[in-house]
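>
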Amino acid sequence: MKNSKLRRIFFELKANLKHFKYGLKNKDSFKCSNELSPITGRFWTHQYQLASGIQSDKYLSETYYHNRVEGKLNNYNVAGYFDHKGYIDTVLGSHTIKCIINKISNCIYNENGEIITVSQMVDILTEEDGREFVVKVSSGTGGGIGVTIGTFSEVKTAIEKLLNNKTDFIIQPLITQHQELKKFNPTSINTLRIMTMRCHGDIHFVSAILRMGNGGRVDNASSGGISIGMDHQGKLNNRGFNYALDKIFYTHPFSKIDFSDDHYVPYFNEIVALVKEKHQQLKSQDLVSWDITVDQDGVISIVEYNILWSDISFHQANNGPVFEPFFDFIKELNDKDAKKISL
1 MKNSKLRRIF FELKANLKHF KYGLKNKDSF KCSNELSPIT GRFWTHQYQL
51 ASGIQSDKYL SETYYHNRVE GKLNNYNVAG YFDHKGYIDT VLGSHTIKCI
101 INKISNCIYN ENGEIITVSQ MVDILTEEDG REFVVKVSSG TGGGIGVTIG
151 TFSEVKTAIE KLLNNKTDFI IQPLITQHQE LKKFNPTSIN TLRIMTMRCH
201 GDIHFVSAIL RMGNGGRVDN ASSGGISIGM DHQGKLNNRG FNYALDKIFY
251 THPFSKIDFS DDHYVPYFNE IVALVKEKHQ QLKSQDLVSW DITVDQDGVI
301 SIVEYNILWS DISFHQANNG PVFEPFFDFI KELNDKDAKK ISL
């Protein structure tokens, strides 16, 4: 019941209970206010204000965001197709990292979309010694789960397990990332997470964070990595956070880079323009989270995009109430007395 109404009701109950317990431990949170979730939203407001340092009643609680923003803007009836990483090349057409192997259902495809055998797949993966790959489960995973990185000998066991479990997966080449991204954590591909939203027919940039590893191979904060926000010009904030948002980093614990030294995401304006352009192709999905990287030659690639259960906490903890400019639109989405259309 991944995207069912029942799951979302259960999520709302569980998340509200969790944050009510947070409120009991943090008495000051009862003094906070939240415009769209007056009762339970105050606890999210308190947590985000502590992290971002920005006082506001315009933060979205996770429950409001998932059930009354994402749930209203995205069409979950076709979500399974868009959520499947094996179709990203087909959907977007360009600016993706090529899938050199794409296993869907009972077939294995090469990068040209031709059906191949397991033996032919092995030949492709072993034709160049020392080449590294990224193996990803195609759907139903996130937060770095279901991702294996390494040479063929290092990912072989993971591939065998996926084949034997009849799990869809993709294999992509491991790119060499741009030095301005690599410097934070050289062992992982450090990606930009950008959120865009269609509002009254126009695509808007909402927020961006940089996700970087902490000595590991994956960048997800939920897998031990760090997230750090930025302004609308791509200049990084002077501090980042762990997954639980209870630990602040002013320097990277692995690379020792000081976050206050005016770091910028390379090609940021071009990246924003690209995802806004690509969002036009996702006509049934009005709220999209994009994972972006830039290689050593300045080539921008969309690693993946997310339309289901995309995280909002990292954006608000790092960048403040990012949906405040769109509050009137969000209220319209949830206005039960909105004027009906008549022809």
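In the UniProt record's numbering, the protein residues as written are 1 to 343. Every residue gets a Cβ at the ideal spot worked out from N, C-alpha and C, and that includes glycine. From a predicted model like this one, the values you see are computed outputs, not experimental measurements.
So D291 is in the alpha helix (DSSP H); what residue range does that whole segment cover?
Not the alpha helix (DSSP H): D291 falls in the beta strand (DSSP E), residues 287–294.
> Per DSSP, V147 is paired with what?
Partner(s): K136.
> For my contact list, S139 and D89 are in at a C-beta cut-off of 8 angstroms; report their separation, rounded to the angstrom.
Actually they are not in contact, since the Cβ atoms of S139 and D89 sit about 15 angstroms apart, beyond 8 angstroms.
> From what residue to what residue does the beta strand (DSSP E) around Y305 run?
Taken as a continuous stretch (DSSP letters only), the beta strand (DSSP E) holding Y305 covers 300–306.
> Starting from Q172 and walking both ways along the beta strand (DSSP E), at which residues does that stretch end?
It spans 169–173 - the beta strand (DSSP E) in which Q172 sits, taken as one unbroken run.
> What is the DSSP secondary structure of A79, reduced to helix, strand or coil?
In this structure, A79 counts as helix in the three-state DSSP scheme.
> Report back the beta-carbon spacing between R198 and D286 to the nearest angstrom; my notes put them in contact at under 8 angstroms.
At roughly 4 angstroms, the Cβ-Cβ gap stays under 8 angstroms, so R198 and D286 are in contact.
> If we ignore side chains and look at the alpha-carbon of each, how far apart do residue 348 and K331 end up?
Shown here, the chain extends from 1 to 343; a query on residue 348 therefore has no answer.
> To the nearest angstrom, how far is the alpha carbon of F268 from that of L192?
Each residue's alpha carbon lies about 10 angstroms from the other.
> With a 10 Å radius around its C-beta and 16 neighbouring C-beta atoms as the bar for buried, classify P325 as buried or exposed.
By the 10 Å Cβ count, P325 comes out exposed.
> Please classify Y65 as buried or exposed, where buried requires at least 16 neighbouring CB atoms within 10 angstroms.
By the 10 Å Cβ count, Y65 comes out buried.
> Buried or exposed: I39, going by 16 or more other Cβ atoms within 10 Å of its Cβ?
Exposed, by the Cβ-count rule.
> Assuming V206 is part of the beta strand (DSSP E), what are its boundary residues?
Run containing V206: 202–212, per the beta strand (DSSP E) assignment.
> What whole-angstrom Cβ distance do K85 and I170 have, given they're in contact under 8 angstroms?
Yes, K85 and I170 are in contact; Cβ-Cβ is about 5 angstroms, under 8 angstroms.
> Would you report the Cα separation of Y243 and V147, rounded to the nearest angstrom?
Going by the C-alpha atoms only, they are around 18 angstroms apart.
> Buried or exposed: where does S227 fall if 16 or more other Cβ atoms within 10 Å of its Cβ makes it buried?
Classification of S227: buried, given that the 10 Å Cβ count is 16 or more.
> Please report how far the alpha carbon of H200 lies from the alpha carbon of L333, in whole angstroms.
So the two alpha carbons sit approximately 11 angstroms from each other.
> Going along the chain, which residues of its own chain have a beta-carbon closer than 7 angstroms to the beta-carbon of L92, five neighbours each way excluded?
Excluding residues within five positions, the ones whose Cβ falls inside 7 angstroms are K278, Q281, I302.
> Helix, strand or coil for F11? Go by DSSP, reduced to three states.
Reduced to three states, the DSSP call for F11 is helix.
> Ends of the beta strand (DSSP E) at residue 345?
Any question about residue 345 goes unanswered here, given that the chain covers just 1 to 343.
> For S260 and S119, I'd like the C-alpha separation in whole angstroms.
Cα to Cα, the separation comes out at about 51 angstroms.
> Out of Y87, S94, T96, which one is the CA nearest neighbour of K103?
It is Y87 whose Cα lies nearest to the Cα of K103.
> In angstroms with no decimal places, state the Cα-to-Cα distance between F327 and E62.
If you take the alpha carbons of F327 and E62, they lie about 15 angstroms apart.
> Just verifying my parser: in three-state terms, what is the DSSP assignment at F249?
DSSP places F249 in strand when its eight states are reduced to three.
> Less than 6 angstroms between C-beta atoms, sequence neighbours within five positions excluded: which residues of the same chain meet that for I108?
Within the same chain, I108 has close Cβ partners I116, M121.
> Under three-state DSSP, which class holds L333?
Of the three classes helix, strand and coil, the one that applies to L333 here is helix, per DSSP.
> Report the CB separation of T157 from R131 in whole angstroms; it is logged as a contact under 8 angstroms.
Their Cβ separation, rounded to whole angstroms, is 17 angstroms, which puts T157 and R131 out of contact at 8 angstroms.
> Which residue's Cα is closest to the Cα of G229: H46, N67, V322, I257?
Selected option, being the one with the closest Cα: V322.
> Helix, strand or coil for D258? Go by DSSP, reduced to three states.
In the structure shown, D258 sits in a strand (DSSP, three-state: E or B).
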